[in-house]
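Colleague:
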């Protein structure tokens, strides 16, 4: 995007920010989003919920489900994760994105016919990769669903039991995922997906943290002006980017799951034996789509009359620190006043900067799709991206 385009984009976003803050409470309109996803599922001929069935219908998962039912009423996060696994939520299934990218790239004539699914235009191993990605993501969510528990908490024994189930369930899905990945017998794919697991692990060691071990953003540093490459899959030197609000937020999310989708999109084209140039475009698309979605989600707690919870590394909070560095004292306090922080962000520039960044990623995703041949799958991906436009 050139300088003129950025100026026009900023003006357009600025004119919309007040309307969004005044009238919006949910970001993307639910009905519009569901319609886009339903149409995309018709293109790949494979309902999103079916991606998980082969994994869910086995004895190990049945035993886990039996234990999870004992946690109903405890408000343990694993209950919501299990529910979201079975029902369509506002979050797009990454497996669906991978299938659409696979179909949009087409089938290379070099691929043996026995590997092809003639009816869907997707390779059998690409469908397996979509399932693997969904299960790695679910395993990561289960691990992240573990709670900090004190002996004074109500139902603390039940909550500790929930943590054990979350840990063991996530481990099972990880191990099963990489068993399936090995059976695809593609060394390049094994390597790139394995590095995504490295990224997820590295995301747990971000600094700084407060006395409760909750993660904090770095203090803004005007000397940090390096820009992450759109095609850089890592590993990353964290110290080079911490304190640069934009790059710090991108890096945190790349490691915390975005790279999994991006690398899986690239992996799908590796399986399809497509040229490396198109593989890189698939990576950029997955990266940009996931970051645009994350920016949209992190804006919601700061919209009009919203009481949604937020973390201290949400994009609007990090960007607000650029123009309001004194706010950092509120973040590092012994008792955090989230409503005061919310008010400071709403009154400041954090939301506007996040929306600008979101639109940048939307543009990047659309630009990457221009290198794919015209097809129903590409049109569906375009519609998914445009659903994130402000």
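Residue numbers (the UniProt record's numbering): 1 to 390. Glycine included, C-beta positions come from ideal geometry on N, C-alpha and C.
When DSSP labels each residue in this structure, what does residue 209 get in the three-state scheme?
Modeller: Three-state DSSP puts residue 209 in a strand.
Colleague: From the DSSP output, in three-state form, read off residue 25 for me.
Modeller: The predicted position of residue 25 is uncertain, since its pLDDT is 36 and thus under 50; no value can be drawn from it.
Colleague: Measuring only the C-alpha atoms, how far is residue 95 from residue 83?
Modeller: Near 17 Å, if we compare the C-alpha coordinates of residue 83 and residue 95.
Colleague: Straight-line CA distance for residue 26 to residue 109?
Modeller: Note that residue 26 scores 45 on pLDDT, short of 50, meaning its location in the model is unreliable; the coordinates nonetheless yield the value given after this. Their backbone Cα atoms lie some 44 Å apart in a straight line.
Colleague: Please say whether residue 318 and residue 355 have beta carbons closer to each other than 8 Å?
Modeller: Contact: no.
Colleague: Just the Cα atoms here: how many angstroms apart are residue 278 and residue 375?
Modeller: Cα-Cα distance, rounded: 16 Å.
Colleague: Which residues in the same chain as residue 10 place their Cβ atom closer than 8 Å to its Cβ, once the five residues preceding and following it in sequence are excluded?
Modeller: In this prediction, residue 10 scores a pLDDT of 41, lower than 50, which makes its location untrustworthy; the coordinate-derived value is nonetheless stated afterwards. The residues are 356.
Colleague: If distances are taken between C-alpha atoms only, which option among 139, 202 and 281 comes closest to residue 171?
Modeller: Answer by Cα proximity: 139.
Colleague: Quick one: does residue 185 have its CB under 8 Å from some CB of chain D?
Modeller: Note that chain D does not occur in the displayed structure, where there is just one protein chain.
Colleague: Please go through the region 127-213 and give each complete alpha helix (DSSP H) segment of 4 or more residues, from N-terminal end onward.
Modeller: You should have 156-183 and 187-202.
Colleague: Under a three-way DSSP split, which group does residue 390 fall into?
Modeller: In the structure shown, residue 390 sits in coil (DSSP, three-state: anything other than H, G, I, E or B).
Colleague: What three-state label does DSSP hand residue 303 in the structure shown?
Modeller: Coil, per DSSP.
Colleague: Starting from the C-beta of residue 236, find all residues in its chain whose C-beta is less than 7 Å away, skip the five residues before and the five after it, and write them out in chain order.
Modeller: If we look at residue 236 and ignore the five residues flanking it on each side, its Cβ neighbours are 251.
Colleague: What's the gap between the Cα of residue 143 and the Cα of residue 166?
Modeller: Taking the straight line from one Cα to the other gives about 6 Å.
Colleague: Would you say the region 318-330 touches the region 243-259, given that touching needs at least three Cβ pairs under 8 Å?
Modeller: The region 318-330, when compared against the region 243-259, does touch it at the 8 Å Cβ threshold.
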